[in-house]
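Beneath this line is the structure, given in structure tokens, with notes to follow.
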Amino acid sequence: MIGAIDLATVWAFIIAFAVFVYIVMDGFDLGLGILFPLFPAKADRDVIMNSVAPVWDGNETWLVLGGGGLMAAFPLAYAVLMPALYTPMIAMLIGLIFRGVAFEFRWRTTRERNRWDLAFAGGSWLAALAQGIALGAILQGVHVAGRHYSGGWWDWLTPFSVLTGVALAVGYALLGATWLVLKTEGQLRDKAYRLSWVLLFAMLTAIGVVSIATPFLQIQYAQRWFTWPNVIFTAPVPLAVAAVAVLLLRSLANKLDSQPFLLSLALFVLSYAGLGMSMYPYIVPQSITIWQAAAPENSQLFMLAGVAVLIPLILAYTAFAYWVFRGKVLAGSGYH
Numbered sequence: 059m060i061g062a063i064d065l066a067t068v069w070a071f072i073i074a075f076a077v078f079v080y081i082v083m084d085g086f087d088l089g090l091g092i093l094f095p096l097f098p099a100k101a102d103r104d105v106i107m108n109s110v111a112p113v114w115d116g117n118e119t120w121l122v123l124g125g126g127g128l129m130a131a132f133p134l135a136y137a138v139l140m141p142a143l144y145t146p147m148i149a150m151l152i153g154l155i156f157r158g159v160a161f162e163f164r165w166r167t168t169r170e171r172n173r174w175d176l177a178f179a180g181g182s183w184l185a186a187l188a189q190g191i192a193l194g195a196i197l198q199g200v201h202v203a204g205r206h207y208s209g210g211w212w213d214w215l216t217p218f219s220v221l222t223g224v225a226l227a228v229g230y231a232l233l234g235a236t237w238l239v240l241k242t243e244g245q246l247r248d249k250a251y252r253l254s255w256v257l258l259f260a261m262l263t264a265i266g267v268v269s270i271a272t273p274f275l276q277i278q279y280a281q282r283w284f285t286w287p288n289v290i291f292t293a294p295v296p297l298a299v300a301a302v303a304v305l306l307l308r309s310l311a312n313k314l315d316s317q318p319f320l321l322s323l324a325l326f327v328l329s330y331a332g333l334g335m336s337m338y339p340y341i342v343p344q345s346i347t348i349w350q351a352a353a354p355e356n357s358q359l360f361m362l363a364g365v366a367v368l369i370p371l372i373l374a375y376t377a378f379a380y381w382v383f384r385g386k387v388l389a390g391s392g393y394h
């Protein structure tokens, strides 16, 4: 029993890690798509696309790992959550398809480039909103009867899920703006700085509103955050968010190009940690724990052996790609 509990916890952390890496790595290029309409000049758009051209498709490896790991390690959770989230998940995939196709096709046409630019921006918006709405739908809970989803087709669509969808899109936009600060120069960089100021305050507002709304969803969330002695462990999270926000404001004011993106990632780390504190040990909030949803121990051990090799390899080639294409991206000249 101890081994099974340990394996379930290990797999919960593996899947949480994969999903988080996807959020931050694919988040900034989705953020670039969200911001794309604000940069109408062709030269600026070409630089924006070039800044993520070497890495954008590899970022989605983590989405496959997270989804596949959930299905294999926690099949009951997968069987319950997918019917509850079919619509936002299909919308996300459609958005990612439009974004990916547009990314490639806009370079191969002149007459219809504006159409593909629109598809790139629209696909990014759709994917970001769908991911945030799915998160909100999970947080607010799904109806479970026995071992099956028992809710309706539109249960995922609520004011709270729309709120989390918009909040995640704002966060992605901040990642995109600070990525441009890191990777570009001149007027494009200056505009990215101005956008980063606005988006930082928008994201902090979104974090605050979602944090206030979440305890009203389930009494267990309020107990987890505000009862003693839990508050000893939860109180540092909002304090850390405030500290990181101050550092991010200072880095934007002093125009320290390398810091805003990293500090924006830190805001996502803290927000994700807060989400984990709210949900653990439930994988379907207030219905199914990670131990109830776990696959047999032998299956988890077998998959763990493969993941122990796969994750370091993915991390290694991803780090190598980012290292090779480090530095600023200049108009018409690639990287230097």
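Numbering (the numbering used here), first residue to last: 59 to 394. Positions of the beta carbon are idealized from the N, C-alpha and C atoms, including for glycine.
Ranked by how close their Cα comes to the Cα of Leu240, the residues Ile106, Ala70, Ala203 and Phe378 have Ile106 in first place. Counting only the Cα atoms, Thr119 lies some 14 Å from Ala379. For Tyr340, the enclosing beta strand (DSSP E) has its first and last residue at Tyr340 to Val342. In the three-state scheme derived from DSSP, where H, G and I count as helix and E and B as strand, Leu325 is classed as helix. Straight through space, the alpha carbons of Gly91 and Leu262 are spaced by roughly 21 Å.
Cα atoms of Trp255 and Leu310: separation of roughly 7 Å, rounded to the nearest angstrom. Counting along the chain, the unbroken alpha helix (DSSP H) around Ser357 starts and ends at Glu355 to Val382.
The three-state reading of DSSP puts Val202 in strand, counting E and B together. Between Leu328 and the set Ile265, Arg384 and Gln317, the nearest pair of CA atoms involves Ile265. Tyr80 is positioned such that its CB atom lies no closer than 7 Å to that of Gly127. Counted as a single uninterrupted DSSP element, the alpha helix (DSSP H) harbouring Ser219 occupies residues Pro217 to Lys241. By the neighbour-count definition (other C-beta atoms within 10 Å, threshold 16), Thr236 is a buried residue. Where Gln245 is concerned, the enclosing alpha helix (DSSP H) starts and stops at Gly244 to Ala271. Of the other Cβ atoms in all chains shown, fewer than 16 fall within 10 Å of the Cβ of Val382; this residue is therefore exposed. For Phe274, there is no enclosing alpha helix (DSSP H), since its DSSP letter is neither H nor E. One alpha carbon belongs to Met147, the other to Trp214, and they sit about 11 Å apart. Here the stretch 132–150 lies against the stretch 337–354, with 3 or more beta-carbon pairs under 8 Å apart.
When the Cα atoms are used, Asn356 and Gly89 turn out to be separated by approximately 40 Å. Close CB contacts of Ala231 within its chain, under the 7 Å cut and outside five residues either way in sequence, are with Gly89, Ile92, Leu93 and Leu257 (chain order). DSSP links Thr347 through a beta bridge to Tyr340. Remark: C-beta atoms of Arg282 and Ser336 approach each other more closely than 7 Å. Collapsing the DSSP output to three states places Leu314 in coil. Look at Leu143 here: in three-state DSSP terms it is coil, with no helix or strand label. By a beta-carbon distance limit of 8 Å, Gly181 contacts Leu154. Their separation comes to about 7 Å.
DSSP places Val77 within a helical segment (H, G or I) once states are collapsed to three. Burial check for Val200: the Cβ neighbour count within 10 Å reaches 16 or more, so the residue is buried.
Setting aside the 5 residues that flank it on each side, Leu325 is surrounded in the same chain by Val302, each with a C-beta closer than 6 Å to its C-beta; the list follows chain order. Sequence-distant Cβ neighbours of Val113 in its own chain, meaning closer than 6 Å and more than five residues away, are Ala379. Going by C-alpha positions, Val82 is about 10 Å away from Tyr330.
Per the coordinates, the alpha-carbon of Ile73 lies some 39 Å from the alpha-carbon of Ala101. Secondary structure of Val289 (DSSP, three-state): helix. Non-local C-beta neighbours of Val110 in its own chain, meaning closer than 6 Å and more than five positions away in sequence, comprise Asp87, ordered along the chain.
In the DSSP assignment, no residue is bridged to Tyr330. The Cβ atoms of Leu143 and Ala186 do not sit closer than 7 Å to each other.
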